[in-house]
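Quick notes on the structure that follows.
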Amino acid sequence: MSILHDIPVLSLILLSPLLGLIVVLLLPKHRSSWLKTAAFIATLIPLALSLWLYSDYDKQQSGAPFDEQLNWVEVPLNKELQNGVSEFMFKFQYALGIDGLSLPLVLLTALVTAMAALAAFHVKKRWKSFFVWFLLLETGMLGVFLARDVFLFFVFFEITLIAMYFLIGIWGYHNRERAANQFLLYNGIGSAIMLLAFVLLVNTAGFRIEQIGEQANFIYSGSYADIARNMADPNAWVNMSPEQLDMFNPFQMTDTMQWVLFIMLLVAFGIKLPVFPFHTWMLKVHTEAPPSVVMIHSGVLLKMGAYGLLRFGVMLFPEQARDWAVVLALLGVVNILYGAVLAFRQQEFKLVLAYSSISHMGIVLLGLAAFNEIGLQGAVFQLVSHGLISALLFLIVGSMYERTGTTELSKLGGLARSMPFMSGVLLTAGLASLGLPGLSGFVGEFLSLLGLFESMRWLTAAAVLGVILTAVYVLRSVLKITFGPQHEKYSPLKDARLIEAIPMIVLLAFILLLGCYPSVLTDTVQYSIGGLFEQLLATRAGG
Amino acid sequence: MYEGVSFIPLTWTDMLYLAPEFTLAAVFLLLIVLDLLLPKSVSRLSIGWLTFAGLLVTLGLVVWRMLDMNKAGAAADAVHLLSNSYRIDDFASLLKIVFLTGTAFIVLLALGSVRDDDAITDRAEYFYLLLPAVIGAMMMSSSGNLVTLYIGLELLSLTSYVLVGMRRKSSLSAEAAFKYLVTGGISSALVLFGMSYLYGVTGSVDLAVIGKALPGALVDFQALVYVGFLFMLAGFGIKIATAPFHAWAPDVYQGAPSPVSAFLAVISKGAALAVIFRIMFNTVLFAVGGEDANVSNDIFFIVLVLAAAAMLVGTTTALRQKNVKRLLALSGVANAGYMLVPIGLSITVVHSSNFSEFIYYLIAYLLMTIGAFAVLSVVSRSAGHEELKGFSGMYYRAPWTAAAMVVFVLSLAGLPVSGGFFGKLFILLGAANAKIYWLAAIIVVSSVISYYFYFGLVRQMFMRSGSDDSDIRVPAATGAVIWLCAAATIALGLFPGPLMEWIDAVFSIRSDLMFQ
């Protein structure tokens, strides 16, 4: 047992940005450098803690799990109509937990947010409220990955929604309000569907009876552990038909309802991911939001969709997910090809990157659809890797826009001459994005495709086509920007300052690390998903 | 059937049970006299403060009575006076606490804004007329008899007609008062008409007797029972401004002074909802198990349809609304829909927490609506109008007030962390418990639609800059209302448990809601 087990480390990770938020609130609003420093330091605390946690987690895989639980909301329900019930209530917990799926994403969040805080040098107005929303956003994102109660998860999910709305709408570019609105409505629909699905889950799978001596406590629990346990238990109320029980059972979840819930979750998280027909909002966000916010959006927020799909869709409804594996894979391939083809056609570098994100998130879907360990590892790897790469790319875009005032491909060119360092980083990031071995992008793509190849060869082949296209569009735009004839007006531009260079180097270092030594990540993931699917499906088959 | 019933007069102990109502009435009469006697030079704000004090004393009395009655636990027997026509139980007491607190907030709000409103000529009346209105609301929540209920309703309605027309120098206010008078009159007529049918088929005005007689009456007079309940629902539907009976609300809210609009939105609506609650669960519910169960199921279903209509109509018509007061009126329509849900869900073995869902949402609704009206009164005074544009650039002009408004907007939209979120979540969980999934879907859909216009306010406050960049002055009393409402909204959003536990501890369906 290490010291980490003695302190509420997950709560500390979650709440330290809020502490920073309070400090920011207390600082005078015109002192921009104080505010920036305070916010940056506030993002370093969760980063340091999650790094520590990550290294410790690897070492003691057999150690006690990190779980924190407090009763948050206990709402008693009227029990006059039930006989012999001593407690009847809704019980939602402040439950935090980590496993090999969420821990890498927590670390990714902390890292990308800290780098984005450094990159927030471009913020020219209302620093104080910017960092208030920024830190609130970080708490929301960390909470999403840490929460182990469906409603706690939902609260954090909505906090990110509100914070992003302000960040896009106030500090974005010209069409910021439209982008913010579209973001709010699309994601609002997504989270509304999610809420409805959660409510139905709690009403059926969340129900349990605690027998303590003479007392019988009827509890609707929002706890993920309870829901997952009940879903997997063939003798739980949720899986028993009234005929089997020989009594009235309002808690049964019929097959139809399972399918409805699975599809609801798929749509809800599909909007966030984004899956092909629901992606228009994210293009607007990528072009209109300020660079540091896009770093977070593309680096972390899209991952929340994949994480939710995995955590709630696949892990609670494994049979449905397996039956629909082909659908998931098809959606993935559509995402990959559609994103890649459209990225090739764009004249605006930010849009190239936005479509490239759609394409890369398709690979995550493929990894999920593979429905085996390799594929799942690939999916998680791809999440982390794409988070780092896209954060780095948007960081560079922000810095370039700062200097050139444009991101149109036709107006850029030859920047390698005046900005050799930044162009070099851009090229490396581009190579990572197209999946060059030795950089992180390769591992994620390779594992996902390898996983899928076992079950769906033709779809894998189609997806590989997308990977080739990626090389084409990435090289086309990166080369256009860095090489070729240089515009007159760009020759006096200065290369990256130290404050810009640091986050670039850090992100690049992680990309290299994951590319050259992938087991840093895969070991952690492996530990918690080893035999996951077999277990999930075996218990169902037994019932 | 009534021949054998003799009139039981009030005794002194009964009078003590009525102490809250009597106190308010006494304060009301005292203030009328005081207004006549005080010289013109004395500011009428003092009357406002006395009104406030009277409300607080009454609130104290209600709370004291309630604690006293619940010493024996939630199932303690209720007190009924005048052969069950007036009931002192926890259903009534909880609602009275809500009404009195709400009215106290509204008086504070009026104290803060009345000085700047030149259109209001009779400043003393403006305050003390709220008292008979709130007595009416209290009577409605306490009544166990159609006649008492109607008297409460009229007391509330008649005073609100006057209050709406309080801005005498404004033609809009006069128009609003007239419109409200006419629609209010229609509402009363519908209610009375419906009541007469119920009396006709059951032979009583006592809700308990009606409930008992209803299964029998259904055998012979099924159609008449439908007519009776539908007319009553339509009449109360006008009072709570549910769709399709909501058309008056935007006009009346716009013409009335902001505090009065808030009063209509919260107390008037809450009282009428409470009455529907009482009637449905004391009469219609008893026919559920009978041979003609379909009638009672139909009536519950109609309430749900009204709820769904209110949610959808309220949110969609508000989409293009540019006047904030009208917007809040339409938001009130949608919220009436949310509060009708627990009423229409009926009670089943699996789901019987309708009342706590209802009252939690009512409290959250009170806080966010009064808070929003308070902010609106501050903004409209500085802008000179109530259009959405008046909110522009508020971040620069009054950052903290803008922050409070964000809290109210989040709560209205049902987003965390706010009381409105949990209020909606509990109602949603209730609907899912009762397995009425289509309604759960409508609740969720209408919430998403509402994001658009609620966040329109945020857009104005934080993303646009106004023509005027001078600071907005917030009067102390209004500021107090804003901050109390915002703090309570956040508290309810973080920890809804204690309030729900307390409601559960005092409230019992058998002894507090039903009369048998």
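Here the protein sequences line up with chains A and B, keeping their order.
The opening residue of the first sequence carries number 23 in my numbering; numbering runs sequentially from there.
The opening residue of the second sequence carries number 5 in my numbering; numbering runs sequentially from there.
Glycine is no exception: its CB is placed at the ideal position from the N, C-alpha and C atoms.
Keep in mind the model is a prediction, meaning the values are calculated, not measured.
For residue 36 (chain A) and residue 327 (chain B), I'd like the C-alpha separation in whole angstroms.
Position 14 of the first sequence, counting from 1, holds the residue named residue 36 (chain A). Position 323 of the second sequence, counting from 1, holds the residue named residue 327 (chain B). Looking at the two C-alpha atoms, the distance is approximately 40 Å.
Any beta strand (DSSP E) of 3 or more consecutive residues that is wholly inside the region 270-311 of chain A:
none
Give a yes or no on whether the minimum CB-CB distance between residue 375 (chain B) and chain A is below 8 Å.
Numbered from its first residue, the second sequence carries residue 375 (chain B) at position 371. It does not: the Cβ of residue 375 (chain B) has no partner Cβ on chain A nearer than 8 Å.
Label residue 510 (chain A) either buried or exposed according to how many other C-beta atoms from any shown protein chain fall within 10 Å of its C-beta, with 16 as the threshold for buried.
Translated into the one-based positions of the first sequence, residue 510 (chain A) becomes position 488. Exposed is the call here.
At what residues does the alpha helix (DSSP H) containing residue 90 (chain A) begin and finish?
What you label residue 90 (chain A) is simply residue 68 of the first sequence in a count that begins at 1. Segment 89-98 is the beta strand (DSSP E) holding residue 90 (chain A); no alpha helix (DSSP H) there.
Check whether the region 134-148 of chain B and the region 406-416 of chain B touch, using three or more Cβ-Cβ pairs below 8 Å as the test.
no
Can you tell which of A:114, A:151, A:361 has its C-alpha closest to the C-alpha of residue 48 (chain A)?
Looking up residue 48 (chain A) in the first sequence gives position 26. The residue with the shortest Cα to Cα distance from residue 48 (chain A) is A:151.
Assumed close pair residue 118 (chain B), residue 130 (chain B) - CB separation to whole angstroms, cut-off 8 Å
One-based indexing of the second sequence puts residue 118 (chain B) at position 114. One-based indexing of the second sequence puts residue 130 (chain B) at position 126. That pair is a contact at about 6 Å.
Does the distance from the C-beta atom of residue 462 (chain A) to that of residue 536 (chain A) stay below 8 Å?
Here residue 462 (chain A) refers to the residue found at position 440 of the first sequence. Here residue 536 (chain A) refers to the residue found at position 514 of the first sequence. Their beta carbons are under 8 Å apart, which means residue 462 (chain A) touches residue 536 (chain A) by this criterion.
DSSP three-state call for residue 230 (chain A): helix, strand or coil?
By one-based count along the first sequence, residue 230 (chain A) stands at place 208. Of the three classes helix, strand and coil, the one that applies to residue 230 (chain A) here is strand, per DSSP.
Quick check on DSSP: helix, strand or coil for residue 237 (chain A)?
Numbered from its first residue, the first sequence carries residue 237 (chain A) at position 215. In this structure, residue 237 (chain A) counts as strand in the three-state DSSP scheme.
Confirm, please, whether the CB-CB distance from residue 317 (chain B) to residue 344 (chain B) is below 8 Å.
Within the second sequence, the letter at position 340 stands for residue 344 (chain B). Within the second sequence, the letter at position 313 stands for residue 317 (chain B). No.
So is residue 516 (chain B) in contact with chain A if we call contact Cβ pairs under 8 Å?
Numbered from its first residue, the second sequence carries residue 516 (chain B) at position 512. No - not a single Cβ of chain A is within 8 Å of the one on residue 516 (chain B).
With DSSP run on the structure shown, which of helix, strand or coil describes residue 117 (chain A)?
Working through the first sequence from its first residue, we reach residue 117 (chain A) at position 95. DSSP places residue 117 (chain A) in strand when its eight states are reduced to three.
So is residue 271 (chain A) in contact with chain B if we call contact Cβ pairs under 8 Å?
Against the first sequence, residue 271 (chain A) aligns to sequence position 249. Chain B contact via Cβ: absent.
Between the C-alpha atoms of residue 335 (chain A) and residue 441 (chain A), what's the straight-line distance to the nearest angstrom?
Start at 1 with the first residue of the first sequence, and residue 335 (chain A) comes out as number 313. Start at 1 with the first residue of the first sequence, and residue 441 (chain A) comes out as number 419. Straight-line Cα distance between these residues: approximately 46 Å.
Can the beta-carbon of residue 507 (chain A) be found closer than 8 Å to that of residue 435 (chain A)?
Residue numbering aside, residue 507 (chain A) sits at position 485 when the first sequence is read from its first letter. Residue numbering aside, residue 435 (chain A) sits at position 413 when the first sequence is read from its first letter. Against a cut-off of 8 Å, the Cβ pair of residue 435 (chain A) and residue 507 (chain A) comes out as a contact.
Pull up the CB-CB distance for residue 2 (chain B) and residue 103 (chain A), whole angstroms please, since I reckon it's below 8 Å.
Outside the displayed span of chain B (5 to 520) sits residue 2 (chain B), for which this structure offers no information.
Using only the alpha-carbon positions, how far apart do residue 498 (chain B) and residue 421 (chain B) sit?
Counting from 1 along the second sequence, the entry for residue 498 (chain B) is found at position 494. Counting from 1 along the second sequence, the entry for residue 421 (chain B) is found at position 417. Near 6 Å, if we compare the C-alpha coordinates of residue 421 (chain B) and residue 498 (chain B).
Going along the chain, which residues of its own chain have a beta-carbon closer than 6 Å to the beta-carbon of residue 110 (chain B), five neighbours each way excluded?
As a first step, residue 110 (chain B) must be located in the second sequence, where it is residue number 106. The answer, listed in chain order, is 263, 266, 267.
Can you give, in chain order, each stretch of the beta strand (DSSP E) that sits fully within the region 94-182 of chain A and has at least 3 residues?
109-119
State whether the region 170-190 of chain A contacts the region 312-321 of chain A, with contact taken as three or more CB pairs (one from each stretch) at a distance under 8 Å.
yes
For residue 151 (chain B), I'd like the list of residues in its chain whose CB is within less than 6 Å of its CB, leaving aside the five on either flank, ordered along the chain.
The residue labelled residue 151 (chain B) in the question sits at position 147 within the second sequence. Once the five neighbours on either side are set aside, the close Cβ partners of residue 151 (chain B) are 209.
Output yes or no for whether 8 Å exceeds the beta carbon distance between residue 312 (chain A) and residue 145 (chain A).
Along the first sequence, one-based indexing puts residue 312 (chain A) at 290. Along the first sequence, one-based indexing puts residue 145 (chain A) at 123. Yes.
Anyone know if the C-beta pair for residue 417 (chain B) and residue 396 (chain B) falls short of 8 Å?
As a first step, residue 417 (chain B) must be located in the second sequence, where it is residue number 413. As a first step, residue 396 (chain B) must be located in the second sequence, where it is residue number 392. Cβ atoms of residue 417 (chain B) and residue 396 (chain B): not closer than 8 Å.
Counting beta carbon pairs with one atom in the region 93-100 of chain B and one in the region 501-511 of chain B, are three or more of them shorter than 8 Å?
yes
Residue of A:32, A:39, A:137 minimising C-alpha distance to residue 567 (chain A):
Nothing can be reported for residue 567 (chain A), as the shown portion of chain A is limited to 23 through 565.
When burial is assigned at 16 or more other CB atoms within 10 Å of the CB, is residue 403 (chain A) buried or exposed?
Residue 403 (chain A) sits at position 381 when you count from the first residue of the first sequence. By the 10 Å Cβ count, residue 403 (chain A) comes out buried.
Using beta carbons (cut-off 8 Å, strictly below), is residue 104 (chain A) in contact with chain B?
Translated into the one-based positions of the first sequence, residue 104 (chain A) becomes position 82. Closer than 8 Å to some Cβ of chain B, the Cβ of residue 104 (chain A) qualifies, so yes.
I'd like to check one pair, residue 482 (chain B) with residue 413 (chain B): are the Cβ atoms closer than 8 Å?
Within the second sequence, numbered from 1, the residue matching residue 413 (chain B) stands at position 409. Within the second sequence, numbered from 1, the residue matching residue 482 (chain B) stands at position 478. Their beta carbons are not under 8 Å apart, which means residue 413 (chain B) does not touch residue 482 (chain B) by this criterion.
In whole angstroms, what separates the C-alpha of residue 439 (chain B) from that of residue 223 (chain A)?
Within the second sequence, numbered from 1, the residue matching residue 439 (chain B) stands at position 435. Within the first sequence, numbered from 1, the residue matching residue 223 (chain A) stands at position 201. Residue 439 (chain B) and residue 223 (chain A): Cα-Cα distance of roughly 12 Å.
What are the boundary residues of the beta strand (DSSP E) that residue 92 (chain B) is part of?
Locating residue 92 (chain B) in the second sequence gives position 88, counting from the first residue. It spans 90-92 - the beta strand (DSSP E) in which residue 92 (chain B) sits, taken as one unbroken run.
If we count the other Cβ atoms within 10 Å of its Cβ and call it buried at 16 or more, is residue 16 (chain B) buried or exposed?
To locate residue 16 (chain B), count along the second sequence from 1; it is residue 12. Result: exposed.
Against chain D, with Cβ distances strictly below 8 Å, would residue 435 (chain A) count as a contact?
Absence of chain D from the displayed structure is noted, the protein chains being A and B.
Could you give the distance in angstroms between the alpha-carbon of residue 427 (chain B) and the alpha-carbon of residue 22 (chain B)?
One-based indexing of the second sequence puts residue 427 (chain B) at position 423. One-based indexing of the second sequence puts residue 22 (chain B) at position 18. Near 31 Å, if we compare the C-alpha coordinates of residue 22 (chain B) and residue 427 (chain B).
Could you name the residues of chain A that residue 501 (chain B) contacts, counting a contact when the two beta carbons are closer than 7 Å?
To locate residue 501 (chain B), count along the second sequence from 1; it is residue 497. Those are 95, 96, 97, listed as they occur along chain A.
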